[in-house]
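In my numbering, the protein residues as written are 4 to 108.
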Ligand code: HEM
């Protein structure tokens, strides 16, 4: 995932690297980001997931504060079965906030 041969500054948090223009710039770049697999057995739900994820992440941010026990997050990865996982799993505790969604009674 953090292979410097594939990513510029792989350990830096740069979400802009996934912006559409940059993503489409180099065609084979699609194969660098394999969250949904690829090819014939690639995930058929990826479009639905992209539609839904913005809302899901937005709600997680808007409706909860996230507490962690760690002061500094260790992003080291390790192989667990067939997938990479965090070597030191991060425990996140969601603390509900007052949501500003309109509530209809
Ligand atoms: C963030 C959400 C999701 C992630 C990260 C994800 C990821 C994946 C991955 C990595 C695979 C294996 C691809 C491969 O073997 O190359 C897969 C397969 C699959 N996914 Fe998803 N998926 C997501 C959401 C969904 C949704 C919303 C649906 C259905 C509504 C779905 C249905 C499937 C199915 C049916 C397969 C099996 C495809 C096959 O084996 O031919 N996924 N998904």
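All C-beta atoms in this analysis are idealised placements derived from N, C-alpha and C, irrespective of residue type, glycine included.
Practice prompt. With a floor of 4 residues, list each alpha helix (DSSP H) that falls wholly inside the region 39-88, ordered by position along the chain.
Written response: The DSSP assignment places 49-66 as complete runs of the alpha helix (DSSP H) inside the region 39-88, in order along the chain (cut-off: 4 residues).
Discussion item. Any residue with its C-beta under 5 angstroms from a non-hydrogen atom of the ligand HEM counts. Can you list them all in chain order?
Written reply: 38, 39, 40, 44, 45, 46, 48, 51, 52
Worksheet item: Straight-line CA distance for residue 12 to residue 76?
Response: Stepping through the chain shown from its first residue, residue 12 is reached at position 9. Stepping through the chain shown from its first residue, residue 76 is reached at position 73. Near 17 angstroms, if we compare the C-alpha coordinates of residue 76 and residue 12.
Discussion item. Using DSSP's beta-bridge definition, name the partner residues of residue 96.
Written reply: Here residue 96 refers to the residue found at position 93 when the chain shown is read from its first residue. Paired residue(s): 70.
Fill in: C-beta contact flag for residue 67 and residue 18 at 8 angstroms
By 1-based counting over the chain shown, the position of residue 67 is 64. By 1-based counting over the chain shown, the position of residue 18 is 15. No, the pair does not count as a contact, with Cβ atoms beyond the cut-off.
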